[in-house]
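Novice: Quick note: to get the numbering used here, add 9 to the position in the sequence shown (first position is 1). Glycine included, each C-beta is placed from N, C-alpha and C at the ideal position.
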Amino acid sequence: MSMFDYLIVGAGLYGSVFAREAALAGKKVKIIDIRSHVGGNIYTEEMEGINVHKYGAHIFHTNDKKVWDYIQQFAEFNRFTNSPMANYKGQLYNLPFNMNTFHQLWNVTTPDEAKTIIQTQQAEFGSSEPSNLEEQAISLVGKDIYEKLIKGYTEKQWGRPCNELPAFIINRLPVRFTYDNNYFNDKYQGIPIGGYTKIIEKMLDHPNIEIQLGTDYFSQKEQLNSEAKKVIYTGMIDQYFNYEYGHLEYRSLHFDTKVLDIENYQGNAVFNYTDSETPYTRIIEHKHFESGNQEKTVITYEYPVEWTPEKEPYYPINDKKNSELYRKYYQKAQSEQKTVFGGRLGLYQYFDMHQIIKVALQTFKKVIADN
Ligand code: FAD
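This is the structure:
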């Protein structure tokens, strides 16, 4: 007899939403994680009274009222608006590309002046089909924005020159002809007061849910499987199949976090370094996500790095080679009777948090209807 209806591998956002819904439906759930904490990549940890985003800065944003209402059950959100700054060789620019940026770049003051410059620079590229990311970016925003604000950042992110990267990585680059530094266009946006970890803890706080941390699924797969009727697996899909067809590839990140004995380091949560010489892409100053007035501050340098199997897999590389490889694993996954694959690693796809919540809720409905 199985003790649990569901074994959930991975206590990230996907696994936790699924666990919560299952528990509310009267199901017994065991959720495990290889890490020593819940939350997956949205985990925040308190340092010097500041909630530090340990696996990269996370800003919640969505247009979906249902998802927004859903997440509000677990935390109160502040009215944080993401308005990152770019530092290019010591010159500062507002992001996303808007009238403030155009004023800083060209000293123009009106939308018409900015449009004329961008259109002239776009025309310099000609009308042929862009064959790589560099051509694509110039055709969308012209060479000044590309060279100062896109080129270095993107090359660091992907570890390759822009003219060797496929054009599809950037299919649109929003350009705004208003003085509006709000990065996202979504209706709802904010940071949970008290951090993301509390959200996950609240989701998992239910008598039907048993949490087991520091547990690698593959070290006790048979035993864990025997305890549950169904497995919801949010780890890497290729690992599940023992890399039978080869490794799926990712980009990884290295985070270097420092406590500084000053109150305010950079005056903004996010600073992008868009030149190619600075080795990191961003500096995050965590206290600015929650308007903290702590005496010290905590900053994190974010370095994109080549992924190797012992590093954290952050961004799936959805190029032709990896997409074909994923397809094979996906097909194999369809014949697994007991296991449902979910989350960013199980589906080998980048998802924002609001998308993960939506997919987890939809999958839960389908899984429970099938049983
Ligand atoms: P994860 O959080 O990765 O959870 C999977 C869990 O499974 C992990 O805890 C892992 O330890 C566990 N696991 C894996 N293998 C095993 C195993 N063998 N045994 C046991 N446990 C295992 N989204 C936004 O909406 N806004 C943002 O600003 C934003 N910023 C981001 C910044 C970065 C740098 C990154 C990488 C992502 C960002 N995201 C953002 C996306 C967000 O992180 C994801 O939507 C979300 O974390 C996905 O949740 P998940 O549960 O699918 O995956």
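Would you please state the rounded distance, in angstroms, between the beta carbons of V349 and I241? I believe it to be under 8 Å.
Specialist: Counting from 1 along the sequence shown, the entry for residue 349 is found at position 340. Counting from 1 along the sequence shown, the entry for residue 241 is found at position 232. Correct: roughly 5 Å between the Cβ atoms.
Novice: Out of I293, Q145, K39, point me to the one whose CA is closest to R181's CA.
Specialist: One-based indexing of the sequence shown puts residue 181 at position 172. When only C-alpha atoms are compared, the closest one is Q145.
Novice: Is it true that the CB of Y254 sits closer than 7 Å to the CB of L174?
Specialist: Within the sequence shown, numbered from 1, the residue matching residue 174 stands at position 165. Within the sequence shown, numbered from 1, the residue matching residue 254 stands at position 245. Result no, Cβ atoms of L174 and Y254 do not sit closer than 7 Å.
Novice: Give every residue of the same chain whose Cβ lies closer than 7 Å to the Cβ of V111, excluding the five residues on either side of it in the sequence, and list them in chain order.
Specialist: Here residue 111 is taken as the residue at index 102 of the sequence shown, counted from 1. In the sequence on display, residue 111 carries Phe and not Val. Around F111: V117, A123.
Novice: What residues are listed by DSSP as bridge partners for K39?
Specialist: For this step, residue 39 is matched to residue 30 along the sequence shown. Its beta-bridge partners are L16, E219.
Novice: Distance, Cα to Cα, G168 vs Y324?
Specialist: Walking along the sequence shown from the start, residue 168 turns up at place 159. Walking along the sequence shown from the start, residue 324 turns up at place 315. Using only the alpha carbons, I get a separation of about 13 Å.
Novice: Under 8 Å Cβ to Cβ from R185, same chain only, skipping five residues before and after it: list those, please.
Specialist: Within the sequence shown, residue 185 is the residue found at index 176, counting from 1. The answer, listed in chain order, is P105, F106, N107, M108.
Novice: Could you give the distance in angstroms between the alpha-carbon of N380 and the alpha-carbon of F13?
Specialist: Within the sequence shown, residue 380 is the residue found at index 371, counting from 1. Within the sequence shown, residue 13 is the residue found at index 4, counting from 1. In a straight line, the C-alpha of N380 is about 14 Å away from that of F13.
Novice: If you compare alpha carbons, which of S92, G204, K196 is closest to E55?
Specialist: Along the sequence shown, one-based indexing puts residue 55 at 46. Out of S92, G204, K196, G204 has the C-alpha closest to the C-alpha of E55.
Novice: What does the alpha-carbon distance come out to for the pair Q303 and T129?
Specialist: As a working mapping, residue 303 is identified with position 294 in the sequence shown. As a working mapping, residue 129 is identified with position 120 in the sequence shown. Q303 and T129: Cα-Cα distance of roughly 48 Å.
Novice: Would you kindly report the start and end of the unbroken alpha helix (DSSP H) that includes G24?
Specialist: Looking up residue 24 in the sequence shown gives position 15. First-last of the alpha helix (DSSP H) with G24: 22-33.
Novice: Counting along the chain, where does the beta strand (DSSP E) carrying E4 start and finish?
Specialist: The structure shown does not extend to residue 4, since the chain is modelled only from 10 through 380, so no value can be given for it.
Novice: Answer yes or no: do V307 and I59 have a C-beta to C-beta separation smaller than 7 Å?
Specialist: Walking along the sequence shown from the start, residue 307 turns up at place 298. Walking along the sequence shown from the start, residue 59 turns up at place 50. Going by C-beta atoms, V307 is nearer than 7 Å to I59.
Novice: Could you tell me whether any non-hydrogen atom of the ligand FAD is closer than 6 Å to the CB of R44?
Specialist: Locating residue 44 in the sequence shown gives position 35, counting from the first residue. At least one heavy atom of the ligand FAD is nearer than 6 Å to the Cβ of R44, so yes.
Novice: May I ask which residues mark the beginning and end of the alpha helix (DSSP H) holding K374?
Specialist: Numbered from its first residue, the sequence shown carries residue 374 at position 365. From DSSP, the alpha helix (DSSP H) with K374 extends over 362-379.
Novice: Give me the residue from I220, L101, A369, G135 with the minimum Cα distance to D42.
Specialist: Here residue 42 refers to the residue found at position 33 of the sequence shown. The residue with the shortest Cα to Cα distance from D42 is I220.
Novice: Compute every distance between the C-beta of L22 and the non-hydrogen atoms of the ligand FAD, then say whether any falls below 6 Å.
Specialist: Residue 22 sits at position 13 when you count from the first residue of the sequence shown. Yes, the Cβ of L22 comes within 6 Å of a heavy atom of the ligand FAD.
Novice: If you follow the beta strand (DSSP E) that T53 is in, where does it begin and where does it stop?
Specialist: The residue you call residue 53 lines up with position 44 of the sequence shown. Per DSSP, T53 belongs to the beta strand (DSSP E) from 53-56.
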